[in-house]
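Some notes on the structure that comes next.
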Amino acid sequence: MVTGGCGYIGSHTIIELVQSGRYEVVSVDNNVRSTPETMRRVERITGVKVPNYKVDICDKAAFFKVFEENPDIQGIIHFAAYKAVGESVEQPLMYYRNNLGALANVLEACLHFGIQALIFSSSCSVYGDVKNLPVSEKTPMGQAFCPYAHTKQIGEEMIRNMMVPNPSMNALILRYFNPVGAHISGMNGELSPDKPNNLVPIIMRVASGKQPSMQVFGTDYDTRDGSCIRDYLHVSDIADAHVKAMDYLLEHRNQEQCEVFNLGSGNGISVMEMLAAAEEVVGHKLNYTVGGRRAGDIPAIYGDSSRANTLLHWNCRYNVHDMMESAWKWEQYLDSEGSH
Ligand code: UD1
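Each residue of the sequence shown is one higher than the last, beginning at 0 in our numbering.
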């Protein structure tokens, strides 16, 4: 089962699961932050129709019914959650209720239906503002800079605590750095809100002329070119890591009941470098101005993902050029569909 299967990382993960030839997938997604159209895109790419149950995971009775109808579910990849940093500051309770209420029901379903393999979407935001880079899984969690990040910290703790009295349960916590780009076919990608907050969707809006200009939030950081550094990786690489993570659990290769993996490319890339990569792909200069620092931004973060490389046998297949090229293809695909 993939929860949040119509979402950005969820849908790309379903594509990789189906294309591995080893998994049959059911999705659960209430489509409050996604569209059922995504499943048609997944079908166009894979040739397989994946059923989506339009169910709110916080509604335990409705959620449990999905398991009753699919008694052969062996593992759950739990993506479904709210993830907008700014919104979580404005409406914290909504974030705690949705993200943690859903996780409580997922954990209860694991116990009730005897599902022993759980993969949880976490975030590098659990590390807070770290000074020692790259961050490894041993880096302690820092102060959460927003309620969204706090729900990920609490979610991880909930899972760890559930393991103690339930020795047959196994979980992997995957901490994502900055997933970007779109399926390499250009036929599936992120459906951003009208006013996206994240860098690559904004770059694509400027590149396609939907937005006249953008701002680089600060070039006065103590980094190689003054702009912030992040660990961007291709969404299909993150997706592929989930397939390998599920293999790892189902083949009982885990050493502990609950293990943590960073998922990043291991490379820090600056905002200015991202802009240059995008300009190369789209073939023209992008209009930007240098603005002030964005509240809550940290100067630099990138991860050490060698644990995932070694134990999950996972490596990134795509580079920054591929990230931008696929995002650009997807932008044009949406334009041709008239979906913007
Ligand atoms: C954000 C979230 C993080 C989440 C991730 C998902 C915050 C503080 N953090 O990460 O929790 O897991 O998205 O992908 O929101 N930038 C510009 N101009 C823009 C937009 C962004 O210069 O118009 C810069 C930002 O200052 C930042 C970088 O681009 O340095 C990346 O920003 P963004 O894509 O929003 O990701 P994060 O903030 O790293």
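For each residue, glycine too, the CB sits at the ideal point set by N, CA and C.
Remember, predicted model here, so these are calculated numbers, not experimental data.
By the C-beta criterion, the stretch 251-265 is judged to be in contact with the stretch 170-177, since at least 3 inter-stretch pairs fall below 8 Å.
Judged by their CB atoms, Cys57 and Gly100 are nearer to each other than the 7 Å cut-off. Taken atom to atom, the span from the alpha-carbon of Gly113 to that of Glu15 is near 25 Å. For Ile13, the enclosing alpha helix (DSSP H) starts and ends at 7-19. Beta-bridge annotation (DSSP): Glu258 is paired with Leu171. Here Phe78 really is in contact with Gly6; their C-beta atoms are around 6 Å apart, less than 8 Å. Of all C-beta pairs linking the stretch 153-164 to the stretch 250-257, three or more are shorter than 8 Å, placing the two stretches in contact. Shown here, Gln214 sits in a strand according to DSSP, grouped into three states. DSSP places Leu232 in the uninterrupted beta strand (DSSP E) bounded by 231-233.
The shortest CA-to-CA distance from Ile300 to any of Ser122, Asp193, Leu274, Ala244 is the one to Ser122.
When the Cα atoms are used, Gln152 and Tyr81 turn out to be separated by approximately 14 Å. Under the three-state reduction of DSSP, Thr222 is assigned to coil, being neither helix nor strand.
Annotation for Pro200: the continuous alpha helix (DSSP H) segment containing it runs 198-206. DSSP places Phe62 within a helical segment (H, G or I) once states are collapsed to three. Checking the DSSP bridge columns, you'll see Gly74 partnered with Ala116. Residue state for Ile300 is assigned as coil, using DSSP reduced to three classes.
Taking Gly9 as the centre and dropping the five residues before and after it, the same chain places the C-beta of Val1, Gly3, Phe78 closer than 6 Å to its C-beta, in chain order.
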